[in-house]
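Keeping their order, the protein sequence lines are chains A and B. With my numbering as the guide, the letters of the first sequence map in order to residues 2 to 138. With my numbering as the guide, the letters of the second sequence map in order to residues -3 to 189. Before any comments, here is the structure.
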Amino acid sequence: MAAEYKALTYVNLPFLDGNGRLYPPGALIPHSDFEESVELAQAAFPEHDSLTSAEDQVAEMIKYGSLSEDVDAELHPAHVPVDPEAPTVYGLAQQAKQLIEQYQAEGREVPQELQVFADAIQSINSGDVATGGDQGV
Amino acid sequence: MYRTGTTIWVCEKWSEEACEFVRRKFGFFDGSDISSALLREIIGEAEVIEEIKGNLLLNEGIQRMQDMTMIATVVSNQVAGNPWSNTNAYTGVGDSNTAEAATQTELQAATNRFYKAMNATYPSRSNQTVSFQSDFATGEANYSWAEWSIAAGATTPSGAGFTQGTTNLQRKVAALGTKASGTWTLTAQVTFS
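Quick look at the structure:
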């Protein structure tokens, strides 16, 4: 058990401050805040005999990548800002297609790796429609 | 405030006595489900109305909204069966007090969780507020209401509902009381502004 944990995503501890306290990605959350949240939950639900303890909450959230005991841990990818100029698979595949057209126009042999990469985006488009992708990243 | 898509959760609680009055008036079977629409018509306003503000938008819900509405390259999700529509949206309630985290993909209760389909005409929009509403009838979700959510899709049937939500827009943890019987109606008013 650590004294504090790094939030790798948005975490809201219920019951603190009345209606919950929000910690943004990168914030440090003292273990005592989890304990206080559970104590307040017990007060709100005196008849509830299976409330989740602070230790179990922390263990579960570490297991699923919402918290870390390592203050240098990387944030969850969903919260890392994306560079709008960063290359995308789609964009690179488009460039590969343009290169292939250039090779063909010049009568040169198209490298097999280039052809495979250019075709890959078509496979993604045709094979992934309406499947998965609904459990978050 | 940020990352909330401001939500007001309204829980209307009609007692078992109110439900029983309606059953006798119409000659329904003992223990039959009584809808909030009928209770409103016969009894009037619920005996108890609770309001709680706030929620945490979950990553999977944000991503589903983005996939449904604003991507150019359709790789998944942008299909007719995926929105929070009347036939595909569910209100889920559970008894877990586990903190809200944006990476969560489900209510956190191990066993006591239940997703119920939308009432007729919900979700509905007024200006920038979308309202979701479900009735939890006398035999449904009878435990402490400590967490709740709006899901797009649900699986694992249980009675007139389901025990697993597919893609959750948000999750809220607070104390709404302990349901033992009667009809409780949960309405989520989500405002993006």
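Each residue gets a CB set at the ideal place from its N, CA and C atoms; glycine is no exception.
Short Cβ contact (8 Å threshold) for residue i with residue j
| i | j | result |
| --- | --- | --- |
| L29(A) | K7(A) | yes |
| N51(B) | A148(B) | no |
| S145(B) | N115(B) | no |
| N70(A) | T94(B) | Strictly speaking, residue 70(A) in this sequence is Glu, with Asn absent from that position. No. |
| T181(B) | E8(B) | yes |
| T183(B) | S127(B) | yes |
| F46(A) | A42(B) | no |
| P55(A) | P31(A) | One detail in the question is off: residue 55(A) reads as Ala in this sequence, not Pro. Their beta carbons are not under 8 Å apart, which means A55(A) does not touch P31(A) by this criterion. |
| I38(B) | V6(B) | no |
| Q74(B) | M61(B) | no |
| L17(A) | S38(A) | yes |
| Q100(B) | L54(B) | yes |
| A14(B) | S92(B) | no |
Neighbourhood of residue i by C-beta distance below 7 Å, restricted to the same chain and skipping five residues each side
| i | result |
| --- | --- |
| I4(B) | E47, K49, Q185 |
| L115(A) | A97, L100, I101 |
| Y118(B) | N82, S127, F128, Q129 |
| R266(B) | Only positions -3 to 189 of chain B appear in the structure, and residue 266(B) is not among them; the question remains open. |
| V117(A) | none |
| G21(A) | N13, L14, P15 |
| E12(B) | T134, S177, G178 |
Per-residue burial, residue i [other beta carbons within 10 Å of its own, 16 or more giving buried]
| i | result |
| --- | --- |
| K168(B) | buried |
| D34(A) | buried |
| A119(A) | buried |
| G90(B) | buried |
| V83(A) | exposed |
| G57(B) | buried |
| F25(B) | exposed |
| A203(B) | Residue 203(B) cannot be examined here, being either before or after the span of chain B that is shown, -3 to 189. |
| A44(A) | exposed |
| Q95(A) | exposed |
| S122(B) | exposed |
| P85(A) | exposed |
| P153(B) | exposed |
| Q58(A) | buried |
| P112(A) | exposed |
| P194(B) | No answer is possible for residue 194(B): it lies beyond the span of chain B, which begins at -3 and ends at 189. |
Contacting residues, own chain, Cβ-Cβ under 8 Å from residue i (five flanking each side not counted)
| i | result |
| --- | --- |
| V81(A) | E75 |
| G88(B) | L103, R109, F110, Y111, K112, W144, S145, I146, A147, A150, G161, N164 |
| S67(A) | A8, L9, T10, V12, H77 |
| E110(A) | Y104 |
| I45(B) | V6, C7, E8, K9 |
| L93(A) | F118 |
| I67(B) | Q74 |
| P26(A) | A8, L9, T10, Y11, L76, H77, H80 |
| M2(A) | H32, E56, V59 |
Cut-off 6 Å between Cβ atoms - residues of its own chain near residue i, not counting five sequence neighbours on either side
| i | result |
| --- | --- |
| S31(B) | D131 |
| L34(B) | V18 |
| V72(A) | K7 |
| D24(A) | Checking the displayed sequence, the identity of residue 24(A) turns out to be Tyr instead of Asp. Counting only Cβ-Cβ distances below 6 Å, and skipping sequence neighbours, we find A8, V12, I30. |
| Q136(A) | Here Q136(A) scores only 34 on pLDDT, less than 50, and its place in the model is too uncertain to base an answer on. |
| E36(A) | A55 |
| Q59(B) | none |
Contact between the region 144 to 162 of chain B and the region 106 to 121 of chain B (3+ Cβ pairs under 8 Å): yes
Three or more C-beta pairs below 8 Å linking the region 122 to 142 of chain B and the region 171 to 184 of chain B: yes
Entirely enclosed alpha helix (DSSP H) segments - the region 70 to 94 of chain B, minimum 4 residues: none
Completely contained alpha helix (DSSP H) runs for the region 38 to 83 of chain A, where each covers 4 or more residues: 55 to 64
3 or more residues per run - each beta strand (DSSP E) lying fully within the region 96 to 144 of chain B: 109 to 113, 120 to 122, 125 to 132
Complete alpha helix (DSSP H) runs within the region 15 to 49 of chain B (minimum length 4 residues, chain order): 32 to 38
Contiguous beta strand (DSSP E) assignments of at least 3 residues, all confined to the region 6 to 42 of chain A: 12 to 14, 22 to 24, 29 to 31
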